[in-house]
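There are 2 protein chains.
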Amino acid sequence: MKMEKLVGERFKNRPSDCVIDSHALMVRGGYMKYMASGIYSQYPPLRRICRKIEQIIREEMDAIDGQEVQFPVVLPASLWEQSGRYESVGSELLRFTDRNNSPMILGMTHEEAAVHLAREYGNSYAKYPFMIYQFQTKFRDEARPRAGLIRVREFTMKDAYSFHTSQEDLEAYYDKCFHAYERIFARAGLRETIAVSSDSGMMGGSLSHEFMLLTPIGEDSIAICPECGFKSNVESAECITENHTDGACEELQLVHTPDKHTIEEVCTFLNMPPEKSCKAVVYQKKSMGDYVILFIRGDLEANETKLTNFFPNEELIPASITSESGLHAGYIGPVNLNVNKNTIILYDRSLQNAENFCCGGNKEEYHYTGLNMSRDLPDAEYHDFAKATDHGICPCCKQHSLSISRGIEIGNIFQLGTKYTKSMDMQYLDQNGKPQYPIMGCYGIGVGRLAASVCEANHDEYGPIWPITIAPWQVHLCCVRSDDTDARNYADELYEKLQSQGLEVLYDDRKVSAGIMFSDADLLGIPVRLIVSPRNMKQQVCEIVTRDKTVQKQVDLDSAVQETMALVQQLLNSVNDTASR
Amino acid sequence: MKMEKLVGERFKNRPSDCVIDSHALMVRGGYMKYMASGIYSQYPPLRRICRKIEQIIREEMDAIDGQEVQFPVVLPASLWEQSGRYESVGSELLRFTDRNNSPMILGMTHEEAAVHLAREYGNSYAKYPFMIYQFQTKFRDEARPRAGLIRVREFTMKDAYSFHTSQEDLEAYYDKCFHAYERIFARAGLRETIAVSSDSGMMGGSLSHEFMLLTPIGEDSIAICPECGFKSNVESAECITENHTDGACEELQLVHTPDKHTIEEVCTFLNMPPEKSCKAVVYQKKSMGDYVILFIRGDLEANETKLTNFFPNEELIPASITSESGLHAGYIGPVNLNVNKNTIILYDRSLQNAENFCCGGNKEEYHYTGLNMSRDLPDAEYHDFAKATDHGICPCCKQHSLSISRGIEIGNIFQLGTKYTKSMDMQYLDQNGKPQYPIMGCYGIGVGRLAASVCEANHDEYGPIWPITIAPWQVHLCCVRSDDTDARNYADELYEKLQSQGLEVLYDDRKVSAGIMFSDADLLGIPVRLIVSPRNMKQQVCEIVTRDKTVQKQVDLDSAVQETMALVQQLLNSVNDTASR
Numbered sequence: 000m001k002m003e004k005l006v007g008e009r010f011k012n013r014p015s016d017c018v019i020d021s022h023a024l025m026v027r028g029g030y031m032k033y034m035a036s037g038i039y040s041q042y043p044p045l046r047r048i049c050r051k052i053e054q055i056i057r058e059e060m061d062a063i064d065g066q067e068v069q070f071p072v073v074l075p076a077s078l079w080e081q082s083g084r085y086e087s088v089g090s091e092l093l094r095f096t097d098r099n100n101s102p103m104i105l106g107m108t109h110e111e112a113a114v115h116l117a118r119e120y121g122n123s124y125a126k127y128p129f130m131i132y133q134f135q136t137k138f139r140d141e142a143r144p145r146a147g148l149i150r151v152r153e154f155t156m157k158d159a160y161s162f163h164t165s166q167e168d169l170e171a172y173y174d175k176c177f178h179a180y181e182r183i184f185a186r187a188g189l190r191e192t193i194a195v196s197s198d199s200g201m202m203g204g205s206l207s208h209e210f211m212l213l214t215p216i217g218e219d220s221i222a223i224c225p226e227c228g229f230k231s232n233v234e235s236a237e238c239i240t241e242n243h244t245d246g247a248c249e250e251l252q253l254v255h256t257p258d259k260h261t262i263e264e265v266c267t268f269l270n271m272p273p274e275k276s277c278k279a280v281v282y283q284k285k286s287m288g289d290y291v292i293l294f295i296r297g298d299l300e301a302n303e304t305k306l307t308n309f310f311p312n313e314e315l316i317p318a319s320i321t322s323e324s325g326l327h328a329g330y331i332g333p334v335n336l337n338v339n340k341n342t343i344i345l346y347d348r349s350l351q352n353a354e355n356f357c358c359g360g361n362k363e364e365y366h367y368t369g370l371n372m373s374r375d376l377p378d379a380e381y382h383d384f385a386k387a388t389d390h391g392i393c394p395c396c397k398q399h400s401l402s403i404s405r406g407i408e409i410g411n412i413f414q415l416g417t418k419y420t421k422s423m424d425m426q427y428l429d430q431n432g433k434p435q436y437p438i439m440g441c442y443g444i445g446v447g448r449l450a451a452s453v454c455e456a457n458h459d460e461y462g463p464i465w466p467i468t469i470a471p472w473q474v475h476l477c478c479v480r481s482d483d484t485d486a487r488n489y490a491d492e493l494y495e496k497l498q499s500q501g502l503e504v505l506y507d508d509r510k511v512s513a514g515i516m517f518s519d520a521d522l523l524g525i526p527v528r529l530i531v532s533p534r535n536m537k538q539q540v541c542e543i544v545t546r547d548k549t550v551q552k553q554v555d556l557d558s559a560v561q562e563t564m565a566l567v568q569q570l571l572n573s574v575n576d577t578a579s580r
Numbered sequence: 000m001k002m003e004k005l006v007g008e009r010f011k012n013r014p015s016d017c018v019i020d021s022h023a024l025m026v027r028g029g030y031m032k033y034m035a036s037g038i039y040s041q042y043p044p045l046r047r048i049c050r051k052i053e054q055i056i057r058e059e060m061d062a063i064d065g066q067e068v069q070f071p072v073v074l075p076a077s078l079w080e081q082s083g084r085y086e087s088v089g090s091e092l093l094r095f096t097d098r099n100n101s102p103m104i105l106g107m108t109h110e111e112a113a114v115h116l117a118r119e120y121g122n123s124y125a126k127y128p129f130m131i132y133q134f135q136t137k138f139r140d141e142a143r144p145r146a147g148l149i150r151v152r153e154f155t156m157k158d159a160y161s162f163h164t165s166q167e168d169l170e171a172y173y174d175k176c177f178h179a180y181e182r183i184f185a186r187a188g189l190r191e192t193i194a195v196s197s198d199s200g201m202m203g204g205s206l207s208h209e210f211m212l213l214t215p216i217g218e219d220s221i222a223i224c225p226e227c228g229f230k231s232n233v234e235s236a237e238c239i240t241e242n243h244t245d246g247a248c249e250e251l252q253l254v255h256t257p258d259k260h261t262i263e264e265v266c267t268f269l270n271m272p273p274e275k276s277c278k279a280v281v282y283q284k285k286s287m288g289d290y291v292i293l294f295i296r297g298d299l300e301a302n303e304t305k306l307t308n309f310f311p312n313e314e315l316i317p318a319s320i321t322s323e324s325g326l327h328a329g330y331i332g333p334v335n336l337n338v339n340k341n342t343i344i345l346y347d348r349s350l351q352n353a354e355n356f357c358c359g360g361n362k363e364e365y366h367y368t369g370l371n372m373s374r375d376l377p378d379a380e381y382h383d384f385a386k387a388t389d390h391g392i393c394p395c396c397k398q399h400s401l402s403i404s405r406g407i408e409i410g411n412i413f414q415l416g417t418k419y420t421k422s423m424d425m426q427y428l429d430q431n432g433k434p435q436y437p438i439m440g441c442y443g444i445g446v447g448r449l450a451a452s453v454c455e456a457n458h459d460e461y462g463p464i465w466p467i468t469i470a471p472w473q474v475h476l477c478c479v480r481s482d483d484t485d486a487r488n489y490a491d492e493l494y495e496k497l498q499s500q501g502l503e504v505l506y507d508d509r510k511v512s513a514g515i516m517f518s519d520a521d522l523l524g525i526p527v528r529l530i531v532s533p534r535n536m537k538q539q540v541c542e543i544v545t546r547d548k549t550v551q552k553q554v555d556l557d558s559a560v561q562e563t564m565a566l567v568q569q570l571l572n573s574v575n576d577t578a579s580r
């Protein structure tokens with residue numbers, strides 16, 4: 000490919016709407032173009048990267064006996080009604096009607112379609128296990144698309160669905176897929192990924208893992224215990240707290256706390272630490288408006304995923320506290336709380352055994368001190384609704400060792416159980432001729448997000464540093480001063496020879512300055528760069544440098560092809576060695 | 000791949016809703032599954048076929064300097080408003096709103112997206128020509144999806160867009176693409192394709208060609224002149240007629256024609272041939288309801304594409320003739336026709352020089368005879384609105400040599416001109432620094448329709464006969480009686496050896512009867528079949544047969560691998576030889 004003919008523009012200035020580096024570099028480098036919120040077109044370099052990622056994924060899916068299929072983008076609503084998700088999923092699910100007023104949706108995931116495809120095939124135990132997967136455009140009508148390809152509305156996803164006759168078989172396959180994912184990310188050149196247990200969300204099922212690229216710009220929070228290796232998305236990490244006994248049990252006492260609303264203000268005023276306070280977080284059920292009041296220790300935050308899971312058929316929204324509610328915003332506490340019978344009161348586990356806490360007085364400008372939960376609210380039931388915290392207690396080894404990191408989710412795997420096969424009535428006859436529901440797993444990777452994550456993990460200020468396995472081209476041949484006949488002739492010949500050896504070469508013979516040529520090359524991030532120039536020609540050498548600067552050498556003109564091939568092979572080996580470890 | 004594990008079902012009976020063979024065989028063979036009207040999922044064999052077709056197309060597009068990109072499926076309505084197509088395209092364009100009530104569409108073709116992607120890049124003449132293409136899901140909300148993958152609503156299409164600075168350059172590239180298309184269809188194993196000139200329809204532009212597979216089940220009609228090689232879709236073929244002069248010019252005479260409504264009835268009653276009659280075809284403008292009356296020779300049919308092109312901003316619908324209209328259905332003629340001023344009267348060229356014709360009398364139960372157009376309607380303007388007919392006059396060589404065939408459109412190429420670059424204001428600076436609009440071409444192939452067309456052109460009553468270049472697997476290894484240890488061991492070994500030679504093998508070692516095994520194999524249509532059986536083992540041979548029965552031989556057990564490789568190579572060569580001719 001001649002650089003001169005490469006469709007796309009490269010430019011110097013960081014676009015003002017790009018908040019993360021990978022987004023800025025992929026816009027500046029002519030990889031993608033904004034079409035609408037969360038919707039992008041791909042220029043040739045990104046298309047090449049994505050096709051290479053797809054091929055890596057395809058090979059690894061085939062290696063664990065996956066069979067590639069294809070489901071439609073546009074699905075009839077009736078299919079999603081069978082599983083109940085047509086109603087249960089929120090407005091991320093894009094619903095519309097066709098010309099005959101039939102309700103349709105844009106597929107955001109394809110569990111229903113997978114069951115639809117395999118329902119008749121999987122009629123006997125002898126057909127199991129099997130796995131089908133596809134690469135397909137997905138559409139999720141995200142409220143807040145952001146960060147370029149990290150959170151988009153339209154994207155290509157590899158989604159895989161496995162079917163099993165026992166939980167053990169699912170687990171064995173889940174484990175295989177787990178390792179296939181590790182190989183995929185390693186082959187794509189992402190060394191910094193970890194797998195964390197996660198919440199199953201709208202997918203249903205029990206066990207699930209997310210594969211995370213650890214990076215400060217990630218939108219997920221991950222709890223990691225360096226002591227025992229525990230790793231979990233904060234969304235699903237158990238929050239463990241301790242309340243120390245003081246020995247002396249104070250009396251409940253109403254204290255005047257004028258103009259003190261926040262936990263910080265109240266605790267400072269009362270000279271108590273936040274972990275000796277109880278705060279109220281108030282929601283409303285979207286359907287009927289009923290209040291849901293969560294009492295939780297003042298130093299902790301509510302984990303909305305846990306709350307959502309507690310109310311599987313309700314959407315909770317932040318409360319609007321009216322004067323008729325009987326609630327006093329800023330002064331709500333668990334003692335002497337006067338609410339109507341539809342209000343739901345929840346207690347987070349962090350309040351269990353709380354002694355001598357402060358809390359709202361349920362009266363304007365008053366708080367209680369001396370709250371003792373077991374004495375004052377002996378019937379309270381406690382559940383885990385809190386977010387795990389940095390320096391908190393590890394739910395696994397119970398040490399105060401938890402640390403919270405940020406990450407981008409680059410893949411996920413779910414044990415789905417029989418949620419879809421039951422609701423859609425897919426059955427097989429077991430060895431005794433008895434009908435059974437197959438057990439499913441599902442496994443997703445967003446192709447574009449993976450490309451952006453690799454860029455995020457591998458770049459400098461000048462551009463991406465693509466791993467050779469997914470780089471748009473393997474070799475970037477720069478002919479500086481192509482008006483020089485010697486340089487030009489040598490570079491032309493090199494271009495032909497490298498290509499005839501099966502190497503993927505981008506050849507820049509434009510009549511531009513070396514500065515422009517190299518800054519464009521940096522933006523394209525091709526791992527091996529060859530520099531032909533009049534000065535090099537005089538010394539009878541060709542320069543070979545890698546994009547990451549780990550290799551910078553001059554080689555004889557005659558050995559340039561050999562040296563390039565060896566370097567490309569060495570880079571390929573180095574990525575693949577990591578993947579096979 | 001083990002046949003035992005292949006997801007999908009095969010069955011014997013032709014589904015009652017399949018009107019064409021390829022559809023029936025692809026449903027019976029476990030290739031595709033109905034999801035909703037015009038929307039299908041693909042099982043592994045079809046996915047493999049489509050991926051191979053895509054790769055052939057990709058190679059040929061790259062060979063003519065195409066660059067693969069990707070445009071979104073979901074496009075903002077504003078993009079299509081720029082070109083005017085948001086309004087002009089009918090309800091095939093699926094329109095909806097997203098969660099923020101922004102109007103969006105599902106892309107049915109991507110001219111606007113191509114201009115959007117290339118608009119800034121193509122700012123100087125030096126960047127031209129260039130071509131970008133993609134494989135992407137398209138959605139066309141067809142009123143009548145039919146015939147399986149032949150006319151669907153959702154499909155994968157390769158669409159390519161080229162940009163040029165002169166008409167000559169476009170024409171040269173158009174010609175290159177024309178030949179690339181010939182190679183693509185030949186490499187996919189379709190020998191029976193012809194290119195015909197066609198109507199540009201909603202794409203705009205002037206010259207266009209369709210590539211057609213000639214088959215009686217096709218939904219397009221094609222006019223072919225075996226004398227001079229003229230080929231055209233009937234939609235756009237000029238209709239040429241002659242009217243002979245009788246010498247004697249009759250008087251206009253009102254004749255009582257009770258209960259004679261149709262041309263046949265009237266002509267029989269008056270003892271005149273239909274080609275001496277003038278009939279009226281009546282439409283209404285959809286917007287305002289105004290009548291459009293076309294007078295045309297009684298033996299011809301109106302060509303609605305020509306009418307649509309005559310009214311670019313109006314949709315015509317069949318007329319509903321009310322009593323207030325002043326029209327007498329069945330008796331409408333051009334003489335003494337009493338209509339309101341908004342009615343449009345059109346005359347087809349077939350009436351030019353008409354002498355002594357009969358026509359409607361504009362009075363219940365009356366017709367005229369002795370209609371002489373030049374005398375009775377001296378001001379009539381004539382245009383070509385008629386469908387070319389079998390045995391009609393060739394517009395090219397003017398002989399009575401036209402024949403009408405049926406065909407499936409498997410690809411199309413269009414010279415678009417500046418329709419999109421002008422409306423979307425894409426400009427480049429020419430060598431004199433003057434802004435100019437680039438000239439575009441576009442080039443489409445539907446992947447699934449091509450697969451179905453190949454099946455339609457290559458099948459017998461038992462199943463498809465896939466050309467080796469796109470077959471789901473190259474070799475089908477059948478081990479009849481896999482409970483026989485000798486046969487089983489030999490087949491297992493053969494499976495490993497064939498695969499290690501890089502061949503794509505489907506291995507059937509199921510414990511099923513030879514009858515089931517072979518009928519399943521016929522449905523999968525894999526070109527080379529190896530049969531291992533206890534009887535063959537006794538004779539120390541392995542059978543090799545091709546799906547089309549042109550090769551049927553027994554080979555030594557030891558030479559089976561070599562013989563298979565040679566046969567596969569021979570089949571590949573034979574397809575590729577055709578393609579390179």
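Same order as they appear, the protein sequences are chains A and B.
Under numbering that gives the first Met the number 0, the first sequence has 285 at position 286, and the numbering climbs by one with no breaks.
Under numbering that gives the first Met the number 0, the second sequence has 474 at position 475, and the numbering climbs by one with no breaks.
Yeah, the Cβ is synthetic: ideal placement off N, Cα and C, and Gly gets one too.
If we cut at 7 Å on Cβ distances, does residue i have a partner in chain B?
i: A:F129; result: yes
i: A:R143; result: no
So is residue i in contact with chain A if we call contact Cβ pairs under 7 Å?
i: B:T108; result: no
i: B:S40; result: yes
i: B:E314; result: no
Under 7 Å, do residue i and residue j count as touching if we go by C-beta distance?
i: B:V254; j: B:T388; result: no
i: A:M2; j: A:L505; result: yes
i: A:M60; j: A:G445; result: no
i: A:E191; j: A:L212; result: yes
i: A:S220; j: A:V195; result: no
i: B:I55; j: B:I183; result: yes
CA-CA distance, residue i and residue j?
i: A:E209; j: A:L326; result: 40 Å
i: A:P128; j: A:Y30; result: 40 Å
i: B:F154; j: B:E234; result: 24 Å
i: A:P434; j: A:P311; result: 29 Å
i: B:Q426; j: A:V6; result: 15 Å
Original post:
Do the stretch 405 to 417 of chain A and the stretch 92 to 109 of chain A make contact, defined as three or more Cβ pairs closer than 8 Å?
Top reply: By the C-beta criterion, the stretch 405 to 417 of chain A is judged not to be in contact with the stretch 92 to 109 of chain A, since fewer than 3 inter-stretch pairs fall below 8 Å.
Original post:
For the stretch 33 to 44 of chain B against the stretch 531 to 550 of chain B, are there 3 or more C-beta pairs whose distance is under 8 Å?
Top reply: As far as the Cβ criterion goes, the stretch 33 to 44 of chain B does not touch the stretch 531 to 550 of chain B, which means the pair count is below three.
**OP:** For the stretch 163 to 175 of chain A and the stretch 90 to 101 of chain A, state whether three or more C-beta atom pairs, one from each stretch, are separated by less than 8 Å.
**Re:** No, the stretch 163 to 175 of chain A is not in contact with the stretch 90 to 101 of chain A.
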